[in-house]
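Peer 1:
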Amino acid sequence: MKKVLLVLVVALCCSSCGCGLYNWCDYEKTSFNYYKKQTPQTMGLLMLTYQTMINNQQHSKRKVVPPGIHAEFGYLLLKKGCKAEGIEQLNEEMDLYPESKTFISRIVKLAEQ
Amino acid sequence: MRYLLLLFMSVITFSSCSTTTGSVASSSSPYTRASTYPGMYSTDQRKTVMIMPPINQTVNVEAKEYLYSSLAKPLCDKGYYVLSPFLALETLKDQSAYDAELYINGNLKKLNEAFGADLALFTIIHKWDKSVLTTSVTIEVEYLLKSTITGNELFHRLGTVVVDTQVKDEHDDGGIARMLAYMAASAINTAMTKKMNAVRSCNGYVLEDLPCGVYSDQYNKDQNVSADGPDVTLSPNDSKVSISMHRE
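Line order of the protein sequences matches chains A and B. All the letters of the first sequence, read from the start, carry residue numbers 395 to 507 under my numbering. All the letters of the second sequence, read from the start, carry residue numbers 574 to 821 under my numbering.
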């Protein structure tokens, strides 16, 4: 029964924003909270949102991760000291959105130094 | 139990698909997107948007944070590539160039060179008032989209939104405890959620007229979609209508 409830909660979270170009899940709330007050807790919740967004785009219109999400996730991973994973996410952003290269490649270069 | 779960899932599915519909004046407006924002259609360089930190002309410090963190989603949903506001802000801070006032009337080419942005979105917060007596919040924001290549203004609108932040108590049967709980709920509610909704509504209404970006299936096909015109200021009553028409 607990599993069923968990599935329902996840479905509620993801279906509540899955009819547009992208599925944004809880992004507006968790990103605002992090932007306002950068604590390990707000960072953790925002990173969880990124992971949920990355894994739940199958019902969105474009079926791809929204612009900037891989980049932000990668940046926070770098901030946490997870260099390889962070760079991987930044590269994902450039693969998915080549127009981001001018900006994101600079961050990758800095991270690799 | 199985039927109950099925019913619950159905409710989720249908309730989640709130629609973002056309603008209030869409049926009677003499304007189209192409006639109102011709510059948007005369350039192919309108793919990547950089959101500049809002220019806050109010005393409410939080207003800037609320607005800045809410702009990426509606622009992405319009089909644009939006540079992450968080990362852009960090970079601007590193270069001590955090204030959008430095750019709004200046040369924007460096935003194109350094960030790859085709367009820069400037926002000016003119009003962010909370009325204690009526528990309403009034937000007035000016949106200005400029080409970073030519410096031309391509989109310019002003949005005014009034939102009632009061929690509705449908079973009010009096009592001090109930009244205190009701007031506390209103205060918490006002603190964040309703302000976010007000900002979202303002963004939603104003950006509704914006021609679609390259990732939308309406890219370069929406020239004849009706628009509200270049300088529409919504009265409080109108804006309440618009709020109810937009996804919350």
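The beta carbon of each residue, even a glycine, is placed where N, CA and C say it ideally should be.
So what's Glu493(A) in DSSP terms, helix, strand or just coil?
Peer 2: DSSP places Glu493(A) in helix when its eight states are reduced to three.
Peer 1: Could you please give the first and the last residue of the uninterrupted beta strand (DSSP E) stretch that includes Asp702(B)?
Peer 2: Per DSSP, Asp702(B) belongs to the beta strand (DSSP E) from Leu692 to Ser704.
Peer 1: Could you tell me the alpha carbon to alpha carbon distance between Ile712(B) and Ile677(B), rounded to whole angstroms?
Peer 2: The alpha-carbon atoms of Ile712(B) and Ile677(B) are separated by roughly 21 Å.
Peer 1: With DSSP as the reference, label Ala800(B) as helix, strand or coil.
Peer 2: Strand, per DSSP.
Peer 1: Scan the segment 643 to 657 of chain B for residues whose Cβ lies nearer than 9 Å to a Cβ of chain A and list them as they occur along the chain.
Peer 2: Under the 9 Å Cβ criterion, the segment 643 to 657 of chain B contributes Ser643, Ala645, Lys646, Leu648, Cys649, Asp650, Lys651, Gly652, Tyr653, Tyr654, Val655, Leu656 and Ser657.
Peer 1: Output needed in chain order: residues of the segment 479 to 491 of chain A with a Cβ under 8 Å from some Cβ in chain B.
Peer 2: So the list reads Tyr491, given in the order they occur along the chain.
Peer 1: Relative to the C-alpha of Asp801(B), which residue among Val787(B), Gly732(B) and Lys637(B) is closest?
Peer 2: Residue Gly732(B) is the option with its Cα nearest to Asp801(B).
Peer 1: With distance defined between alpha-carbon atoms, name the residue in Lys700(B), Asn797(B), Val798(B) and Asn793(B) nearest to Lys898(B).
Peer 2: Nothing in the structure corresponds to residue 898(B), since chain B is present only between 574 and 821.
Peer 1: For the beta strand (DSSP E) containing Glu713(B), list its first residue and its last residue.
Peer 2: Per DSSP, Glu713(B) belongs to the beta strand (DSSP E) from Ser709 to Ser720.
Peer 1: Ordered along the chain, which non-local residues of its own chain (more than five positions away) have a Cβ less than 8 Å from that of Pro626(B)?
Peer 2: For Pro626(B), where only same-chain residues beyond five positions count, the Cβ hits under 8 Å are Lys637, Tyr641, Leu662, Leu665, Tyr671, Asp672 and Ala673.
Peer 1: Taking the C-alpha atoms as reference points, what is the distance between Leu692(B) and Thr616(B)?
Peer 2: One C-alpha to the other measures close to 11 Å.
Peer 1: How many Å lie between Gln618(B) and Val705(B) at the Cα?
Peer 2: Each residue's alpha carbon lies about 46 Å from the other.
Peer 1: Hey, is Gly462(A)'s beta-carbon within less than 8 Å of any beta-carbon in chain B?
Peer 2: Interface residue, yes.
Peer 1: Residues of chain A with a CB under 8 Å from the CB of Thr621(B): which are they?
Peer 2: Within 8 Å Cβ-Cβ: Glu493 and Ser494.
Peer 1: Just how far apart, CA to CA, sit Ile628(B) and Tyr639(B)?
Peer 2: For Ile628(B) and Tyr639(B), the distance between alpha carbons rounds to 12 Å.
Peer 1: Measuring only the C-alpha atoms, how far is Ser774(B) from Val734(B)?
Peer 2: Going by the C-alpha atoms only, they are around 7 Å apart.
Peer 1: Using three-state DSSP, classify Arg606(B) as helix, strand or coil.
Peer 2: In this structure, Arg606(B) counts as helix in the three-state DSSP scheme.
Peer 1: How about Leu648(B) and Leu780(B): do their beta carbons lie closer than 8 Å?
Peer 2: Yes. Within cutoff.
Peer 1: What residues of chain A sit near Glu638(B), judged by a beta carbon separation below 9 Å?
Peer 2: Under the 9 Å cutoff, chain A gives Phe426, Tyr429 and Lys430.
Peer 1: Is Glu506(A) close to chain B? Criterion is C-beta to C-beta, closer than 8 Å.
Peer 2: It does not: the Cβ of Glu506(A) has no partner Cβ on chain B nearer than 8 Å.
Peer 1: Going along chain B, which residues have a C-beta under 7 Å from Gly414(A)?
Peer 2: The answer, in chain order, is Asp650.
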